[in-house]
Amino acid sequence: MDNITVDLGPNAGEDLLGEEAILIGAQGSGSERILAEEVAKRLETINYEVTCGLTPRVPRSYHRDGKAV
């Protein structure tokens, strides 16, 4: 199942529709990031299970030094 539900809080509105969402990794050149290991810890599992759950049907975008490769 390629489905995810994210709670953006009570003040999230239509203005977020279509905005980019980072599930694993970092956005732009900012210092904030989330690793598969952190997601796995929250789910009480291992990082390999998290990454294997992202099936080939999920679009991917690979970046290095802020540029798409």
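Note that the sequence shown ends on residue 145 in the numbering used here; no numbers are left out. C-beta atoms are modelled at their ideal positions from N, C-alpha and C, and glycine is treated no differently.
Query                                                                : Result
Through-space distance from HIS139 to GLY104, alpha-carbon basis     : 10 Å
Extent of the continuous alpha helix (DSSP H) to which LEU92 belongs : Here LEU92 belongs to no alpha helix (DSSP H), and DSSP marks it neither H nor E.
Counterpart residues of GLY101 in DSSP-defined beta bridges          : ILE110
Alpha carbon of ASP83 to alpha carbon of GLY94, nearest angstrom     : 15 Å
LEU119 to GLU108 span [Cα, whole Å]                                  : 20 Å
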